[in-house]
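Structure, as structure tokens:
In the numbering used here, the protein residues as written are 287 to 565.
Here it is as structure tokens:
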């Protein structure tokens, strides 16, 4: 089932059929960046077991109250559906939630569970933009395609790539535009290495076969892990009262990195200057 047109609202789905790739971190940073650029943002958490995205936002609201600072937050829904079996009723309920949120929002961001679930597949069909974070490792690349152990060349497509292909077919049959698929290469080493080169070559080949674009995402920074208990992001105004400590050079570097990343991910009208002006 495909939801009705959402009145020009952009749906961004953050997904990967693998846990630990940074989906919720990407989703919250996108949401806050768009909010600070003046957009009306709604968010949906489909991972009702882990609830990482929902807890991130709950932590954010609680910390804003604790420190007396205004921290922009999205209109958030933790969509409850514990059935592992697809049903017309559950899909209709999620489609209805999307239509309701579309009435007064510009962008809807969906965070998905890290496994093959019927609502996760529905979110792919709903996506105008699909962002797939993965770590810079062949363990993560394996969800897209298999590689030859000797040459590291791509030998076939994997399970998650087929989910995206099926979603694209459903959208095409419904007369909807193709998904803009972006693979976000997280934790890329700053130094040259054989793994970095081989993974990059494999992603380049897969990008041509699967029609996605891939870009470097978040570096491995401890501060991203420190943000979660307070619901903060690198996009926020990271002053001492908000952070609970004096900002460091690492905070400033992470902020610039995320501003550039969001501008690359979504392009105009959201650019680095827009985010910086709003911050």
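Backbone N, C-alpha and C fix where the C-beta goes; we use that ideal spot for every residue, glycine too.
For residue i, does the count of other Cβ atoms within 10 angstroms reach 16, so buried, or fall short, so exposed?
{"i": "residue 421", "result": "buried"}
{"i": "residue 545", "result": "buried"}
{"i": "residue 299", "result": "buried"}
{"i": "residue 402", "result": "exposed"}
{"i": "residue 369", "result": "exposed"}
{"i": "residue 538", "result": "exposed"}
{"i": "residue 534", "result": "exposed"}
{"i": "residue 322", "result": "buried"}
{"i": "residue 331", "result": "buried"}
{"i": "residue 552", "result": "buried"}
Going by alpha carbons, who is nearest to residue i out of the options?
{"i": "residue 397", "options": "305, 339, 529", "result": "339"}
{"i": "residue 449", "options": "294, 304, 297, 318", "result": "304"}
{"i": "residue 511", "options": "315, 298, 300, 495", "result": "315"}
{"i": "residue 446", "options": "492, 538, 296, 378", "result": "492"}
{"i": "residue 515", "options": "347, 297, 293, 331", "result": "347"}
{"i": "residue 452", "options": "352, 411, 480, 467", "result": "411"}
{"i": "residue 484", "options": "531, 423, 360, 467", "result": "423"}
{"i": "residue 441", "options": "488, 413, 480, 414", "result": "488"}
{"i": "residue 496", "options": "479, 480, 468", "result": "468"}
{"i": "residue 293", "options": "434, 372, 351, 385", "result": "385"}
{"i": "residue 336", "options": "372, 359, 400", "result": "400"}
{"i": "residue 296", "options": "482, 409, 419", "result": "409"}
{"i": "residue 302", "options": "505, 418, 463", "result": "418"}
{"i": "residue 505", "options": "547, 358, 498, 494", "result": "547"}
On the premise that residue j lies in contact with residue i, defined as a C-beta separation below 8 angstroms, what is that separation, rounded to the nearest angstrom?
{"i": "residue 524", "j": "residue 503", "result": "Residue 524 to residue 503, Cβ: 20 angstroms. No contact."}
{"i": "residue 405", "j": "residue 376", "result": "7 angstroms"}
Rounding to the nearest angstrom, what Cα-Cα distance links residue i and residue j in this structure?
{"i": "residue 517", "j": "residue 436", "result": "44 angstroms"}
{"i": "residue 334", "j": "residue 407", "result": "15 angstroms"}
{"i": "residue 550", "j": "residue 317", "result": "15 angstroms"}
{"i": "residue 536", "j": "residue 513", "result": "13 angstroms"}
{"i": "residue 349", "j": "residue 528", "result": "8 angstroms"}
{"i": "residue 439", "j": "residue 425", "result": "15 angstroms"}
{"i": "residue 319", "j": "residue 540", "result": "13 angstroms"}
{"i": "residue 531", "j": "residue 543", "result": "21 angstroms"}
{"i": "residue 415", "j": "residue 454", "result": "12 angstroms"}
{"i": "residue 521", "j": "residue 355", "result": "15 angstroms"}
{"i": "residue 480", "j": "residue 519", "result": "32 angstroms"}
{"i": "residue 387", "j": "residue 380", "result": "11 angstroms"}
{"i": "residue 490", "j": "residue 443", "result": "14 angstroms"}
{"i": "residue 500", "j": "residue 306", "result": "18 angstroms"}
{"i": "residue 509", "j": "residue 473", "result": "13 angstroms"}
{"i": "residue 465", "j": "residue 413", "result": "6 angstroms"}
{"i": "residue 569", "j": "residue 382", "result": "Missing from the structure shown is residue 569; the chain here goes from 287 to 565 and no further."}
{"i": "residue 372", "j": "residue 378", "result": "11 angstroms"}
{"i": "residue 482", "j": "residue 351", "result": "43 angstroms"}
{"i": "residue 357", "j": "residue 486", "result": "37 angstroms"}
Stretch pair the region 318-327 + the region 382-398: three plus CB contacts closer than 8 angstroms: yes
Across the region 359-376 and the region 412-431, are there enough close Cβ pairs to call them in contact, namely three or more that are closer than 8 angstroms? The region 359-376 vs the region 412-431: no contact.
Inter-stretch contact at 8 angstroms, needing at least 3 Cβ pairs: the region 339-348 / the region 309-320: yes
Examine the Cβ distances between the region 441-461 and the region 377-392 and report whether three or more of them are shorter than 8 angstroms. Counting Cβ pairs under 8 angstroms, fewer than three are found: no touch.
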